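A.B. asks: Okay, handing you the structure first.
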Amino acid sequence: MSTAQELWDDVDAYFTTLLAPPDEVLAATLRDSEAAGLPPINVAPNQGKLLQLLARIQGARRILEIGTLGGYSTIWLGRALPADGRLITLEYEATHAEVARRNLDRAGLSRITEVRVGPALESLPKLAEEQQEPFDLVFIDADKVNNPHYVEWAVKLTRPGGLIILDNVVRGGQVTDAGSEDPGVRGTRAALELMASHPRLSGTAVQTVGTKGYDGFALARVTD
Ligand code: SAH
Ligand code: DHB
Ligand code: MG
């Protein structure tokens with residue numbers, strides 16, 4: 003008898019080999035991230051491909067990511083952009099940002115991507131002050147405690163019809179624990195409640211299983 007996790011790993015291996023196989027750049031990105039001591043909490047390959055497809059479907063020209071790590075999800079998203087597109091990714095840890103910049107460089111994406119170092123809650127107001135063009139897609143994948151703030155900022159910085167994606171909304175099922183004292187769980191629940199009540203958001207959430215365990219993501223569209 004195989005465990006549930008073994009079954010999920012087998013199915014992910016099948017899907018990934020068929021539909022999201024690693025190329026040299028993605029493989030090197032994960033190798034160098036691991037060598038630099040970064041935690042293996044990047045999205046799975048088939049999830050990265052989903053992000054890329056969503057960005058393409060969205061016709062995204064401008065993408066904001068909160069939580070870069072080694073730039074693995076950044077590469078999947080960046081590859082969805084046209085040659086004159088722009089991706090800004092926010093990262094707290096200078097060491098993570100350094101690894102990510104090298105990985106993005108190798109991916110040929112350094113011209114259209116920018117890694118900004120610092121707490122995202124400081125970078126986001128600066129972004130707003132710059133009054134750049136609004137984003138078409140925001141991928142939120144950083145410290146879960148701040149998820150409601152990140153959703154608020156994403157709404158402010160996104161065009162009508164923009165797409166907001168929130169990672170790790172299930173965390174093994176912890177999300178249903180209304181009495182949880184885990185700041186991450188509380189942050190994610192508050193973000194989901196905001197998606198439900200915000201007059202400019204229409205959202206949903208789905209559960210996922212796979213190499214990254216039992217988790218899920220939420221999607222919300224900013225209304226016109
Ligand atoms: N999106 C990445 C994984 C991100 S992991 C991928 O799928 O490949 C979460 C990242 O968020 C970590 O690198 C962590 O350092 C960063 N982070 C944590 N708190 C943060 C904050 N306050 N502001 C910006 N980044 C933060
Ligand atoms: C963690 C963070 C993530 O963004 C993720 O996808 C998985 C795990 C974490 O902080 O443990
Ligand atoms: Mg994540």
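In the working numbering, the protein residues as written are 3 to 226. Backbone N, C-alpha and C fix where the C-beta goes; we use that ideal spot for every residue, glycine too. Note that the structure is predicted; figures quoted are calculated from it, not measured.
1. DSSP three-state call for THR91: helix, strand or coil?
2. Relative to the C-alpha of GLU195, which candidate in ASP226, GLU183 and GLU154 has its C-alpha closest?
3. Taking DSSP as the reference, what is the three-state secondary structure of PRO162?
4. Nearest to PHE137 by alpha carbon, out of ALA222, ILE65 and THR225?
5. Sorted by chain position, which residues of the same chain lie with C-beta nearer than 8 Å to ALA198's C-beta, five sequence neighbours on each side aside?
6. Have a look at THR210, THR160 and LEU123 and flag the residue whose alpha-carbon is nearest the alpha-carbon of GLN60.
7. Going by the C-beta, is ASP169 closer than 6 Å to any heavy atom of the ligand HEM?
8. Can you tell me which of the three DSSP states ASP138 falls into?
9. Just confirm the distance between the C-beta atoms of ASN149 and GLY189, as a whole number of angstroms; I'd bet it's less than 8 Å.
10. In chain order, what are the residue ranges of uninterrupted alpha helix (DSSP H) at least 4 long that sit wholly in the region 165-216?
11. Under 6 Å: does the beta carbon of ASP184 sit that close to some heavy atom of the ligand MG?
12. In the DSSP assignment, find the unbroken alpha helix (DSSP H) run with ARG33 in it and report its ends.
13. Just to confirm the assignment: which complete beta strand (DSSP E) runs, minimum length 3, are found wholly within the region 102-159?
14. Of the choices VAL140, PRO24 and GLY110, whose alpha-carbon is the least far from that of ALA62?
15. If you measure between the beta carbons of ASN105 and GLY80, is that distance less than 7 Å?
16. Checking 7 Å against the spacing of the C-beta atoms, do ASP184 and GLY69 come in under that value?
17. Considering only their Cβ atoms, is the gap separating LEU165 from ALA122 smaller than 7 Å?
18. According to the Cβ coordinates, are GLN209 and VAL177 closer than 7 Å?
19. List the endpoints of the continuous beta strand (DSSP E) containing LEU66.
C.D. replies: Considering the structure as presented:
1. Taking the sequence shown and counting its residues from 1, one reaches residue 91 at position 89. Of the three classes helix, strand and coil, the one that applies to THR91 here is strand, per DSSP.
2. Locating residue 195 in the sequence shown gives position 193, counting from the first residue. When each option's Cα is compared against that of GLU195, the closest is GLU154.
3. Residue 162 sits at position 160 when you count from the first residue of the sequence shown. Looking at PRO162 - three-state DSSP - the assignment turns out to be strand.
4. Position 135 of the sequence shown, counted from the start, is the residue given in the question as residue 137. Of the candidates ALA222, ILE65 and THR225, the one whose C-alpha sits nearest the C-alpha of PHE137 is ILE65.
5. Within the sequence shown, numbered from 1, the residue matching residue 198 stands at position 196. Correct list, in chain order: GLY205.
6. One-based indexing of the sequence shown puts residue 60 at position 58. It is THR160.
7. No copy of the ligand HEM occurs in the structure displayed; its ligands are the ligand SAH, the ligand DHB and the ligand MG alone.
8. Locating residue 138 in the sequence shown gives position 136, where the first residue counts as 1. It is a strand residue.
9. On the sequence shown, residue 149 is found 147 positions in, with the first residue counted as 1. On the sequence shown, residue 189 is found 187 positions in, with the first residue counted as 1. Contact holds; Cβ gap of about 4 Å.
10. 185-199
11. Counting from one through the sequence shown, the residue named residue 184 turns up at place 182. No, since every heavy atom of the ligand MG falls outside the 6 Å radius drawn around the Cβ of ASP184.
12. Counted from its first residue, the sequence shown places residue 33 at position 31. Here the alpha helix (DSSP H) through ARG33 covers 26-37.
13. 115-119 and 137-142
14. Walking along the sequence shown from the start, residue 62 turns up at place 60. Distance check between ALA62 and each of VAL140, PRO24 and GLY110 places VAL140 closest, using alpha-carbon atoms only.
15. Sequence index remark: in the sequence shown, residue 105 carries index 103 (1-based). Sequence index remark: in the sequence shown, residue 80 carries index 78 (1-based). No, they are not a contact pair.
16. Working through the sequence shown from its first residue, we reach residue 184 at position 182. Working through the sequence shown from its first residue, we reach residue 69 at position 67. Taking C-beta atoms as the reference points, ASP184 and GLY69 fail to come closer than 7 Å.
17. For the purposes of this step, residue 122 is identified with residue 120 of the sequence shown, where counting begins at 1. For the purposes of this step, residue 165 is identified with residue 163 of the sequence shown, where counting begins at 1. Contact flag unset, no.
18. Locating residue 209 in the sequence shown gives position 207, where the first residue counts as 1. Locating residue 177 in the sequence shown gives position 175, where the first residue counts as 1. No; because the gap between Cβ atoms is not below 7 Å, this pair is not in contact.
19. Locating residue 66 in the sequence shown gives position 64, where the first residue counts as 1. Residues 64-68.
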